[in-house]
Each structure stands twice: as structure tokens, then as C-alpha cells.
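Residue numbers (our numbering): 80 to 440. For each residue, glycine too, the CB sits at the ideal point set by N, CA and C. What follows is one structure encoded as C-alpha cells, with my remarks underneath.
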């Protein structure tokens, strides 16, 4: 991206995300509604009345040499505040952003690529009837229930299929997920855990076949962060018994106590239970400091959800993701194993935002 285009894009993103301390959705945006029932396939698609939306895929891959790798693919749709009085077709109604990263232990740091463009002109967009979001030749689509992701760049290429093997997991109250004590900080949110993965990955000269397991989150909101939030810690873990665990906490820049926390645990029989504040605890076991930004990240945790206790350990420590070219954010997002009394019981991803500076969304 040339410097001029980058300045225009970051200005548009700033007008969309602004300061994270928002009390409610702006007047020209829809709000998450606890009475709303998610309906599919339409809710697999985009929700253009909401301020921000993302389709977020994370997983563990294994190549032909039986090496374990982490993978992350995210497509964002962001709705900036339109410039009043500007009739130009270049006045962006939506921005599409795409990130992809591979955690390769041989490299000991993330390999990542990113792009951003305004929606329209056939170059970028997000369909409303099902999952179809694209940016140039990068895309995430859903056909016949199977997700297909394609990312192509000189640094990194992915061509992966993600097949669901169990029902969707609606987060919060039937897909209405609160982020704070006020009802105005909320999203609509569902997950597709335990996805079977197959396809090809290229991080050197030739593409290699890979298989694995993944997790997909789809979330949309207009007022995501509580007013005094600095960021969040989030996990999505595919448990080896077929269950799944999602948990997060919203951190405050005013207190050591979280603003809000929530979790959903699906057991091996497919039964799901939700948990709220007071039932979830994140305890830091170990931190790591980035040699590039100087940021300290708590990369190993003990997470307690109800009676379940797991310890998370990263595939390797340096999984810092620098997306300042497209979102202005630097955060930690990495593959982790989950252990219970020393025994591996699952694998998934940990996301840590707002540690270098308070997150603006």
C-alpha cells in the first residue's frame, strides 16, 4: 500500500472506530438486541447496519512432516462515519480489512500479511445472505456448509477448507453477548468449533498439504467496548473429548478487576452451559516481553470456568501481531495448548489486546 492510500485508509478507519470508550451505538448504527433470534443462513452473512463485524478463524494445522503450526484468518467489515456533504462515490460506506498469520515454530515468530480497502467497485465487499467476504483475490466463503478461505501473497499463501462437524455454539444469551455491566456494550456472537481442516499452505517455495482442527467466530456490534475498557483476553479451545470452551474477560484501565467476563462450555455430549462474572478467573502464570515493541504480554494462564481448570501454554512466545498498517493495533494472538493436571486436553487460540496501549475499536 502506497503512503498516500495508507493515510486515506487510516483516516477512514479512525472515523469508524474512534475512541474505544463509547457509551452506546452511534445514532446511525444498529444496536445488539437481546430479543433478536439469530436466523441462518442469513446471519452467516454481513450486517451492514452495525458499526463493526468480523469473521475470525483460528486453528492448529499439521503438515506432511507432522509439524504443528498455528493459523489465523480474519476478515473485518467496518462502517465509518460518512463525510456529510460529500457526494463522491469514493466516500467509503464500508471498509474491508483482512489479516492472515501462521505460527511456525521453525520461525519462532508469526508470519503475517494484511490488506485493507473500501468496499465496492467489485474489489472488496461482504454479502448479506451468507458468508462471502472478499478483498481483491483474498476471500472467505461458505458453500454447502463448508467454509473456504484463500489468501495469496509472496510471503504466505493459504487455501483451506473448514468443515463443521457439530452445531453452532451461540454465545451469551442465544447469541447476544454482553461485554460489560451495561446492556449497551454487547454484540451478536456465535462460534463454529471443532472444524475439520484440509488444504494447502505455502510459507516457502512450495505448497504443502495440511490437515487440522479450527474454530470460527462471527461477531457484529456497534458498541463493543465498555467505557473504561483497556482491552480483552479471549480464548477459543477445541477440547480433545469433542467439547469446546470460549471464555473472555474485559480488562479495565482503572482497576485490576475485570469489567466483565463470560464463557460458554460445551461438553463431550454436546450440552452447553454459559458462565458469567464471578464464575471465570484468568490467572497469569508467565509473561513475555516483545523485543520489537517492549510490550509485556501474559502468554501463559490458568483459566478457571466453573469447576473446569486448564493451563494454557503457547506454541512459542513470540506471537505478537503487528497490524498497524490496517487497524493501527498491535496485539498478541497465538496458538496454545490446554492442560489439565499436566495432561493435554485441548488446543486453540489466545488473544490479548490492549497491553501496549489501550485498544480503540
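The beta carbon of residue 143 is closer than 7 Å to those of 287 and 288 in its chain, skipping five residues each way along the sequence. Contact check between the region 394-405 and the region 175-194: three or more CB pairs, one atom from each, fall below 8 Å, which counts as touching. Taking the C-beta atoms as reference points, residue 156 is found no nearer than 7 Å to residue 206. Contact check for residue 259 against residue 338 passes: the beta carbons are separated by less than 7 Å. Going by beta carbons, residue 313 and residue 430 fall inside the 7 Å limit. Between residue 364 and residue 379, the C-beta gap is smaller than 7 Å, which places the two residues in contact.
Residue pairing for residue 225: DSSP places it in a beta bridge opposite 222. Contact between the region 228-242 and the region 191-199 is present: 3 or more CB-CB pairs across the two stretches fall below 8 Å. Using a Cβ distance threshold of 7 Å, residue 323 and residue 345 count as a contacting pair. When C-alpha distances from residue 172 are compared across 197, 149, 284 and 184, the shortest belongs to 197. Where residue 292 is concerned, the enclosing beta strand (DSSP E) starts and stops at 287-302.
By the neighbour-count definition (other C-beta atoms within 10 Å, threshold 16), residue 423 is an exposed residue.
By the CB criterion at 7 Å, residue 409 and residue 391 fall outside the cutoff.
Residue environment for residue 200: exposed (fewer than 16 other C-beta atoms within 10 angstroms of its C-beta). Only residues of its own chain outside the window of five on either side were considered, and among them 389 have a CB closer than 6 Å to the CB of residue 419, listed in chain order.
Annotation for residue 183: the continuous beta strand (DSSP E) segment containing it runs 174-183. Taking the C-beta atoms as reference points, residue 304 is found no nearer than 7 Å to residue 269. Contact annotation: the region 107-117 touches the region 125-134, with at least three C-beta pairs closer than 8 Å.
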